[in-house]
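Heads up, the thing below is written out as structure tokens.
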Amino acid sequence: MDKMKEQALFDRMKTEGQEQILRFWSELSDEQKDSLARQIDGIDFQMIRVSMQQKNLVLESVITPLHTVTTEEQKEEEEKDRAIGEEIIRQGKVAALVLAGGQGSRLGYDGPKGTLKVGITQDLYLFGILISNMVSNMEKALSKRPLHFLVMTSDQNHEATIRFFEEKAYFGYPKEYIHFFRQDMAPALSHEGKILMEEKDRISLAPNGNGGWFTSMQRCGLLEQLKKDGVEWINVFSVDNVLQNIADPVFLGAASSRGVYAGSKVIAKVNPDERVGAICYRNGRPSVVEYSELTEEMRNAIDQDGHYLYNFGVTLNYIFHLKETEEAAKSQLPIHRANKKIACIDEKGDRVRPAEPNAFKLEYFIFDILEAFDDVLSLECIREDEFAPIKNKEGVDSLETARALLVKKTGRPL
Ligand code: UTP
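So in this note's numbering the end of the sequence shown lands on 399, straight run, no missing numbers.
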């Protein structure tokens, strides 16, 4: 690297208050220097600045209830909305996007979560199930053209994910309609806001949260490609729900006929204490309130008909109108800081394995973008039909519970 470039790098880190990144510069080989410079180029310093300046998100919020269209209320509209949605599918105006950049730490599975085998005797994997759930809706709509299927990965699982799709021959889906893109990464920060180093030439990085999907998709040119191909809606969902209803025509039709540009599928909570995020208004804007944010009083609050005010939990299945979302994505999303134990090196270059949380992991959350929309459709779906997530190694929301729910719904052994 030439001296001018090197000086510019040092100056920039000084301005950002992050000189420690270059602490071991003189010990690095030319190759390591280039690699570190590239990592620095990829850092969103704005995200770091905002995260250290923003006030406590939770304390600032006033939470109020947002109406959910229940299955009962939807009944009369259902056929009409289905017809509208099926037309959207036939015209290829909707794309699917699976959020597969997470680390799946609770599950502790070695490999991208989507490669998890759900079948017992059959060759059934999470990614394959998601594709077949989408194809099922395409077939019911008598659609002749494939829908675009986007897979958001992270630096940590990108290659392994692509290899898996290749090995499985893309689950029989036309390969040119499956698109992989990496989400952006964010550095881990010390409690003082300093970027941590994993090695002398390596910044400690983690995926920047599932709310990073839109900007990452835009940056890699996929947004333009979708728009050119006439796509108007995008269905964004988590990788780990085996009953995920993808490109659901009723959901699409209901949003479209009501003239709203964003929607969330929700389920009635089993009881007020179920640990799921609930749809709500936050400071008058559509949002999601996390379980930990709801006081006991709010969890048990009821309306005049005796219904819980925060009864509907999000299933991580959203639809967004692309054009409106492009506008919405121009505003800065809040940054969530999770206090974690993150291994790193200290100022001497020695490895530190903290016993207590020592650093913030920075994440954008998908539901925060809802606040940019004046109106969001919260549509109830039946839990047994659409919600069987795999989050934990065992117990609730595990592979075992998801398998049981899948067998119950399809009536077929796995
Ligand atoms: P979760 O919040 O369940 O996180 O993600 P996770 O990484 O899968 O699991 P834990 O919390 O570490 O155990 C919900 C969805 O968002 C995706 C996940 O892949 C999952 O589909 N996600 C999460 C991303 O795509 N990127 C992220 O940075 C985080």
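Where is the CB? At the ideal position from N, CA and C, for every residue including glycine.
Cβ distance (whole Å) where residue i is taken to contact residue j below 8 angstroms
i, j, result
"Leu115", "Lys98", "So it is not a contact: roughly 11 angstroms between Cβ atoms."
"Asn343", "Ile327", "6 angstroms"
"Met37", "Gly178", "4 angstroms"
"Val273", "Gly262", "4 angstroms"
"Ala401", "Met(-14)", "With the chain represented from -14 up to 399, any question about residue 401 goes unanswered, as that position is not in the structure."
"Trp198", "Ile351", "7 angstroms"
"Ala240", "Leu362", "5 angstroms"
"Ser175", "Ile69", "Ser175 to Ile69, Cβ: 51 angstroms. No contact."
"Gly113", "Lys153", "6 angstroms"
"Ala323", "Phe345", "7 angstroms"
"Glu71", "Ala126", "4 angstroms"
"Arg130", "Ile252", "That pair is no contact at about 31 angstroms."
Beta-carbon proximity check, residue i vs residue j, cutoff 8 angstroms
i, j, result
"Thr300", "Lys250", "yes"
"Ile403", "Val35", "Since the displayed the chain opens at -14 and closes at 399, residue 403 lies outside it and no answer follows."
"Leu347", "Met32", "yes"
"Tyr229", "Asn118", "Tyr is not the amino acid found at residue 229; the sequence shown has Gln there. Result yes, Cβ atoms of Gln229 and Asn118 sit closer than 8 angstroms."
"Leu132", "Lys378", "no"
"Thr55", "Glu365", "yes"
"Phe486", "Ala173", "With the chain running from -14 to 399 in the structure shown, residue 486 is simply not present."
"Asp214", "Pro374", "no"
"Ile180", "Gln3", "yes"
"Ala389", "Val227", "no"
"Leu279", "Asp288", "no"
"Leu355", "Pro271", "yes"
"Val409", "Phe156", "Since the first residue shown for the chain is -14 and the last is 399, residue 409 is missing from the structure and cannot be characterised."
"Val216", "Gly104", "no"
"Phe392", "Leu384", "The sequence shown places Val at residue 392, not Phe. In this structure, Leu384 does not lie closer than 8 angstroms to Val392 by Cβ."
"Leu7", "Val221", "no"
"Asp370", "Leu318", "no"
"Ala314", "Thr200", "yes"
"Met182", "Cys329", "yes"
"Gly89", "Pro192", "no"
"Ser46", "Arg284", "no"
"Phe149", "Thr106", "no"
"Tyr94", "Gly196", "no"
Which listed residue (the options) has its alpha carbon closest to that of residue i
i, options, result
"Ile28", "Leu(-6), Gly291 and Asn118", "Leu(-6)"
"Gly238", "Val79, Tyr155 and Gln3", "Val79"
"Ser121", "Ile74, Val224 and Glu151", "Ile74"
"Thr49", "Ser363, Cys265 and Leu307", "Cys265"
"Asp140", "Pro159, Gly96 and Lys153", "Gly96"
"Asp360", "His306, Pro159, Gln(-8) and Leu279", "His306"
"Glu281", "Pro271, Asn256, Asn268 and Gly291", "Asn256"
"Met123", "Tyr158, Glu57, Lys65 and Gln59", "Tyr158"
"Asp335", "Ile252, Ser20, Glu61 and Phe9", "Phe9"
"Leu30", "Ser316, Glu1 and Gln(-8)", "Per the sequence presented here, residue 30 reads as Phe, with Leu not at that position. Ranking the options by Cα distance to Phe30, first place goes to Glu1."
"Gly269", "Leu51, Asp(-4), Lys40 and Ile147", "Leu51"
"Glu332", "Asp(-4), Glu(-9), Gln5 and Pro339", "Gln5"
The ligand UTP heavy atom lying under 7 angstroms from the CB of residue i
i, result
"Met182", "no"
"Gly194", "yes"
"Met137", "yes"
"Ala323", "no"
"Cys274", "Position check: residue 274 holds Val in this sequence, whereas Cys was assumed. No - the ligand UTP has no heavy atom lying nearer than 7 angstroms to the Cβ of Val274."
"Ala387", "no"
"Ala253", "no"
"Asp225", "yes"
"Leu111", "no"
"Arg91", "yes"
"Leu84", "yes"
"Glu348", "yes"
"Lys250", "no"
"Gln88", "yes"
"Gln229", "no"
"Gln203", "no"
"Leu301", "yes"
"Leu326", "The amino acid occupying residue 326 in the given sequence is Lys; Leu does not appear at that position. Flag unset: Cβ of Lys326 not near the ligand UTP."
"Asn376", "Residue 376 is actually Lys in this sequence, not Asn. Lys376 Cβ: within cutoff of the ligand UTP."
"Lys98", "yes"
"Gln17", "no"
"Gln39", "no"
"Gln(-8)", "no"
"Gln141", "no"
"Gln3", "no"
"Arg24", "Note that residue 24 corresponds to Gln in the displayed sequence, not to Arg. Flag unset: Cβ of Gln24 not near the ligand UTP."
"Gln289", "no"
"Gln168", "yes"
- Item | Validate contact between the stretch 10 to 18 and the stretch 183 to 200 using beta carbons, cut 8 angstroms, 3 pairs | Judged by Cβ distances under 8 angstroms, the stretch 10 to 18 makes contact with the stretch 183 to 200, as three or more pairs qualify.
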